[in-house]
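Just so you know, we're using the working numbering here: the sequence shown kicks off at 18 and counts up by one. Even glycine gets a Cβ: it sits at the ideal position worked out from N, Cα and C. From a predicted model like this one, the values you see are computed outputs, not experimental measurements. What follows is a short report on a single structure.
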Amino acid sequence: MRAAARTGRHPLSEEKWQPQPLLLLGWCLTLAALLFLASSVVTQLLVEAVGADLRLQDTDDGEADTTALRIGLAVVLGRQLLLVVGIWLLHARLAKNVLFPLSPTRWWPIERNVAFWAFGTYAAVIAYSTFVSLFDIGWRVPEGTVGEEITRDPVTLLLAGLLAVAVAPVSEELLFRGVVFSALSRYGILLAAFASGLLFALPHLDPGSILPFTLVGAALAWVYYRHRSLVAAIHFHVLFNAVSYVLLMLTA
18 MRAAARTGRH PLSEEKWQPQ PLLLLGWCLT LAALLFLASS VVTQLLVEAV
68 GADLRLQDTD DGEADTTALR IGLAVVLGRQ LLLVVGIWLL HARLAKNVLF
118 PLSPTRWWPI ERNVAFWAFG TYAAVIAYST FVSLFDIGWR VPEGTVGEEI
168 TRDPVTLLLA GLLAVAVAPV SEELLFRGVV FSALSRYGIL LAAFASGLLF
218 ALPHLDPGSI LPFTLVGAAL AWVYYRHRSL VAAIHFHVLF NAVSYVLLML
268 TA
């Protein structure tokens, strides 16, 4: 750390890993917010256009509309792909002198340490959910981002699987770890890890998920920082989501 300070280099710049500029952070968060709002509007318009009921989850009044679910998942899938492309283009435009975090690393095999963190963190979330349930703190129990309604239709099951296991881990790690954590890391690793974790948890739109998913996001940031590799964080995210997806199919 002292040597890095004397040379004027950021302490995380070793091994060809450098923090992203704050300008990139602002533009990427703006892009993500706009895409989030646009996808909600597009989903509603498409559902109304085909005459379906905008019911994306099971409620006491009835089951989710299968057509609406298909449309909603397809739109979110497209939104996440656009986010990847947008972040890539913004990075090329605004951070030409910073190595793109996917560039120097291999995609296979998954390191044992990363798998350990992924499964260990998942077990910790399960333990947290069990604890708050035992003490009847209902509003703190995290809810899954997808429910068993997706298992009733092969198309929604396929779309949800692609989204959870293939696309979302890449788009979300690019944004929350590759951009947010990297940009904030100059103010301290712990601050950056928990700030990126909180921003990662908020879009789940579930009060019970804020605390555990903030910690999940912080764990993802630690893996990224420890391995100097966004691919390692993506592997963690893939394994974490895959466990949820498989358990959902087994228990539906």
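Residues that DSSP places opposite residue i in a beta bridge
i             : result
threonine 231 : Partner(s): none; threonine 231 has no beta bridge.
glycine 79    : Thr76
Buried/exposed call for residue i, threshold 16 Cβ in 10 Å
i                 : result
proline 186       : buried
leucine 264       : exposed
alanine 49        : buried
threonine 147     : exposed
phenylalanine 253 : buried
glycine 234       : buried
glutamate 65      : exposed
glycine 103       : buried
arginine 19       : The pLDDT assigned to arginine 19 is 42, lower than 50, so where the model puts this residue is not dependable, and the model offers no usable value.
phenylalanine 257 : buried
threonine 173     : buried
alanine 238       : buried
serine 150        : exposed
valine 67         : exposed
alanine 135       : buried
Continuous alpha helix (DSSP H) stretch holding residue i: start and end
i                 : result
phenylalanine 152 : First-last for phenylalanine 152: undefined, no H or E at that position.
glutamate 165     : Neither: glutamate 165 is in no alpha helix (DSSP H) and is coded neither H nor E.
alanine 218       : 206 to 218
proline 224       : From DSSP, proline 224 is part of no alpha helix (DSSP H); its letter is neither H nor E.
tryptophan 44     : 39 to 66
glycine 178       : 171 to 178
glutamate 189     : 185 to 189
serine 261        : 247 to 268
- Task: Decide if the segment 228 to 246 is in contact with the segment 76 to 83; the criterion is three or more beta carbon pairs, one per stretch, under 8 Å apart.
- Result: no
- Query: Per the contact definition of three or more C-beta pairs closer than 8 Å, is the segment 40 to 55 in contact with the segment 191 to 206?
  - Reply: yes
- Query: Any contact of the segment 243 to 258 with the segment 203 to 221, i.e. 3+ C-beta pairs under 8 Å?
  - Reply: no
- Task: Tell me, please, whether the segment 48 to 62 touches the segment 135 to 147 by the rule of three or more beta-carbon pairs shorter than 8 Å.
- Result: no
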